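When you line the sequence shown up against UniProt numbering, it's residues 1 to 418, in that order. Taking it in order: structure first as C-alpha cells, then the write-up.
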Amino acid sequence: MVDRSLAAEQFYHGLLPREDIKSMLKNNGDFLVRTTEPVAGKPRAIVISVMVDHHDEDKGIKHYVVQRTSTGKYIIDKYGFDSISEMVNHHKNKESLVKTAEIIIRTPILRQNWELSHDDITVTKKLGEGAFGEVSKGTLKLKDGSSVSVAIKLAKLEVLKKEQIKEIVREARLMRNFSHPNIVKCYGVAAGQEPLMVVMELVSDGALDSYLQKTSLTPSQKMDFCLGAAWGIEYMHTKNVLHRDIAARNCLVGDGKIKISDFGLSREGSTYQMDPRRRVPIRWLAPETLRTAKYSRKTDVWAYGIMCWEIFANGAEPYGGMTVGEVNAKVKSGYRMPLPECTPTDMHQIVEVRCWSDSPNDRWAMSEIARALERITGTAKPTKNDNTLVMKSLMQSTTNRSAYGGPKSEFSFLGERY
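Encoded structure:
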C-alpha cells in the first residue's frame, strides 16, 4: 500500500505505464514519481522518472528506483529520507539525484485531468465479479464539486500480470481521447493506490444485444441505432483508431442512444497485424481478416454490417446454427447471411453491397455509410452532446452474450464478461 502522504502529492502518478511517461516528460529536468507495474514474485517499487536529454526519444528518460532501508528511510544511492516528498524537496533544483551522474530534477509534472483520485470515487453497488476484478456502480466527484453516476472497473493487482495492467491502461488511454455522444465516455483512471480503477460513463439501459431481445422496436428505431453506431465508428476512425470488435454485445443503450463500448481489442493506426493464434470473434470478421489476421478500417465496416444484421434480427446470434469453424469456411468462400425480412430496402443495399463486399476496396468508408443513412432517415449529423436521437426509455437490461461462448453479462473486463 502506498503511503497516503505520497498518494496526496500531485507529482505522484501511481501505476503510470512508460508509454504515458514519454508523452508527459518534455523538457530536461521534468520529473514525476510512479509505482512499477507488478512482476511475478517481486514487490512493486517507487520510481522517480526524469527527462535528462529531450533530444533522445528512446534513452532521454532515466528511471531511478527508490529503496527502503532497514530503518525505514527512502534512498536512491546518496542520502536517506523520511519520505519521498522530503527526498524530492531536497534535490529539486539543487543537488544531483544520484552520485554517478549529474541528474537534476526541476519541474514536477502534475497529474493530468484523466488521472483520478481514489478519494473522489465512491463505490455503491457491485454489478459483477471475475478472476481479475469487478465492475461496480458508483459516483465520481468532478472538479466543479458536482457528482456523476459512473461504472467502475476495479482491478485486483495481486492477480494481474504486468501485460494485463498495460492492457487496462491502454484501453483507457484510447477512450479518454474520445468525446462523442455515440461512444461511452471514459472519465479516467485512478492508479495512485489499490485497487486500480477505470471510471466510465454509466449507461442506463444495458447492452444492445439483450436490449434488442427484450424490446419491440420499429424499423425506423432500428435505423436510428444503425445511424448512431455509424456516427460513433466514423468518429473513431477520424481519431485513427480501429475498434476490431464491433458487435451488438459491445454497444450499450442509454436514453435511446446507442453507444460504442469495449475497446479491449482496439488499436491505434489504420491497419493492424494480429497474431493469428489469438482468440478473435470469428462471426464478425471480414473474409480477408479471416485469411490473413490483418485488420483495417474496412474490417470494422464489415463488422458494422454484421451488427446491423443483429439489430434487425432482434439481437440474434449471427450465423445461427453454424459452428465457428463453419462460419470461417463459408464466409471465406463467399457466403453472406440473408438479412431479416423487416430490413428496409435501402439498408439491404448498404449492408450487402457497401459493407459485405468481398474486396475491402469495394466497401464504403464509415463516413460514406453515415452520410447515406442521414439521407435515408432524414436525420442531420448531431453536434457534440446533441441529443438528436432520443427515443422512449426502455427496460434496463443486465445480460449480454459473449462472442466466445461465455456467460451472459453486461460489461467486459480483461476478456471476462459481467
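By construction, the Cβ of each residue, glycine as well, lies at the ideal position given by its N, Cα and C atoms. Here the structure is a predicted model, which means the values were calculated and not measured.
Using a 10 Å radius around the Cβ and a threshold of 16 neighbouring Cβ atoms, would you call residue i buried or exposed?
i: H91; result: buried
i: Y211; result: buried
i: N250; result: buried
i: R279; result: exposed
i: E9; result: buried
i: R244; result: buried
i: A303; result: buried
i: S49; result: buried
i: R34; result: buried
i: P318; result: buried
i: T289; result: buried
i: P43; result: exposed
i: residue 452; result: Because the chain is modelled from 1 through 418, residue 452 falls outside the range shown and cannot be assessed.
i: S333; result: exposed
i: P338; result: exposed
i: E95; result: exposed
i: H55; result: exposed
i: H13; result: buried
i: S266; result: buried
i: R111; result: buried
i: residue 430; result: Lying before the first or after the last residue shown, residue 430 is absent from the chain, which here runs from 1 to 418.
i: D119; result: exposed
What first and last residue would you give for the alpha helix (DSSP H) that runs through residue i?
i: S70; result: First-last for S70: undefined, no H or E at that position.
i: V33; result: No alpha helix (DSSP H) holds V33; the beta strand (DSSP E) holding it covers D30 to T35.
i: residue 433; result: Only positions 1 to 418 of the chain appear in the structure, and residue 433 is not among them; the question remains open.
i: E201; result: Premise fails: E201 lies in the beta strand (DSSP E), L196 to E201, not in any alpha helix (DSSP H).
i: W114; result: From DSSP, W114 is part of no alpha helix (DSSP H); its letter is neither H nor E.
i: S23; result: R18 to M24
i: Y211; result: L208 to K214
May I ask which residues mark the beginning and end of the beta strand (DSSP E) holding residue i?
i: E345; result: Residue identity check: residue 345 is Thr in the sequence provided, not Glu. Run containing T345: none in the beta strand (DSSP E); it sits in the alpha helix (DSSP H), T345 to H348.
i: A155; result: S147 to A155
i: A190; result: C186 to A190
i: I46; result: I46 to M51
i: Y335; result: Note, Y335: premise wrong, no beta strand (DSSP E); not H, not E.
i: S136; result: G133 to K141
i: T122; result: I121 to E129
i: E86; result: Run containing E86: none in the beta strand (DSSP E); it sits in the alpha helix (DSSP H), I84 to H91.
Looking only at its chain, what residues have a beta carbon closer than 8 Å to the beta carbon of residue i, apart from the 5 residues adjacent to it on each side?
i: Y235; result: F178, H180, N182 and I183
i: I260; result: N182, I183, V184, A229, G232, I233, M236, H243, I246, N250 and C251
i: T107; result: N27, G29, D30 and F31
In chain order, what residues of the same chain have a beta carbon less than 7 Å from the beta carbon of residue i, not counting five sequence neighbours either side?
i: K157; result: Per the sequence shown, the amino acid found at residue 157 is Leu instead of Lys. Closer than 7 Å at Cβ, skipping near neighbours: P38, E194, P195 and L196.
i: R176; result: W114, C186 and G188
i: L142; result: V148
i: S270; result: N240, S296 and R297
i: Y74; result: V66, R68, G80, F81, S83, I84 and M87
Compare the C-beta of residue i against all C-beta atoms of chain B and say whether one is closer than 8 Å.
i: W364; result: Absent here is chain B; the protein component of the structure consists of one chain.
What residues in its chain sit with their C-beta under 6 Å from that of residue i, if we drop five residues either side in the sequence?
i: F263; result: E171, L174 and M175
i: A7; result: G192 and Q193
i: I306; result: W284 and P318
i: A293; result: M274 and P276
i: residue 435; result: There is no way to answer for residue 435, as the model of the chain reaches only from 1 to 418.
i: C308; result: C226 and V351
i: I282; result: V324, V327 and N328
i: L154; result: G133, E134, P195 and M197
**Item:** At least three beta-carbon pairs within less than 8 Å, the stretch 327–337 to the stretch 219–230
**Value:** no
**Message:** Quick test of the definition: if touching needs 3 or more C-beta pairs under 8 Å, does the stretch 130–149 touch the stretch 92–103?
**Reply:** no
**Item:** Start-end ranges of the beta strand (DSSP E) lying completely within the stretch 248–334, minimum 3 residues
**Value:** 251–254, 257–260, 271–273 and 294–296
**Message:** Pairs of beta-carbons, one from the stretch 303–315 and one from the stretch 331–344, closer than 8 Å: are there three or more?
**Reply:** yes
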